[in-house]
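Residue numbers for the sequence shown follow my numbering, so the first one is 26 and each next one is one higher. We put the CB at the ideal spot given by N, CA and C, even for glycine. Owing to the predicted nature of the structure, the values given are computational and were not obtained by experimental measurement. In what follows, a single structure is set out as structure tokens and then discussed.
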Amino acid sequence: MSITGGCFCGAIAYEIRAPLRAARACHCSRCRKVFSGASSAYAEVVPDAFAWTRGEDCLTVHAVGDGWALAFCSRCGSTLVGLAGDAVHGVTLGTVDGDPGVEIQMHIFVDSRAPWDHIGGDAPRYPGRPPP
Ligand SMILES: [Zn+2]
Ligand SMILES: [Zn+2]
Numbered sequence: 026m027s028i029t030g031g032c033f034c035g036a037i038a039y040e041i042r043a044p045l046r047a048a049r050a051c052h053c054s055r056c057r058k059v060f061s062g063a064s065s066a067y068a069e070v071v072p073d074a075f076a077w078t079r080g081e082d083c084l085t086v087h088a089v090g091d092g093w094a095l096a097f098c099s100r101c102g103s104t105l106v107g108l109a110g111d112a113v114h115g116v117t118l119g120t121v122d123g124d125p126g127v128e129i130q131m132h133i134f135v136d137s138r139a140p141w142d143h144i145g146g147d148a149p150r151y152p153g154r155p156p157p
């Protein structure tokens with residue numbers, strides 16, 4: 026049973042052949058821009074379990090510093106994955122088709138949330154970075 030997903034315009038698609046982990050929502054100002062929303066919704070992938078199945082040539086990679094980068098669709102702008110170096114580190118949960126099999130496990134950087142952000146659910150909330 027694999028997880029599939031893709032961008033808004035359909036140019037790019039991916040498959041993940043292992044359960045996602047460490048799903049979280051970060052409410053910092055940077056993540057609001059990256060995800061065009063109230064927070065990130067992101068989960069880590071097991072190394073080597075991720076594969077692009079369509080449209081990898083449509084990806085644009087945006088370096089964000091410290092070896093981290095984001096990859097988005099150059100046609101429709103959906104942010105699809107986070108990269109650590111050249112390796113896919115995690116996926117944006119909004120691009121997963123159907124149930125990703127995980128729920129948000131924590132809200133982080135809630136002290137930086139937007140004034141219009143209403144955080145729901147009962148997952149733990151941390152003012153900044155989560156405890157190690
Ligand atoms: Zn697209
Ligand atoms: Zn953030």
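query, result
"C-alpha distance - ARG49 paired with GLY90, whole-angstrom precision", "21 Å"
"Distance, ALA47 Cα to ILE37 Cα", "24 Å"
"CB contact flag (THR120, GLY30, <8 Å)", "yes"
"Residue interval of the alpha helix (DSSP H) (run including ARG55)", "54-60"
"Of the residues VAL127, HIS143, TYR151, the one placed nearest GLY62, counting alpha carbons only", "HIS143"
"Continuous beta strand (DSSP E) stretch holding TRP77: start and end", "75-79"
"SER10 CB to nearest heavy atom of ligand 1 below 7 Å", "With the chain covering only 26 through 157, there is no way to say anything about residue 10."
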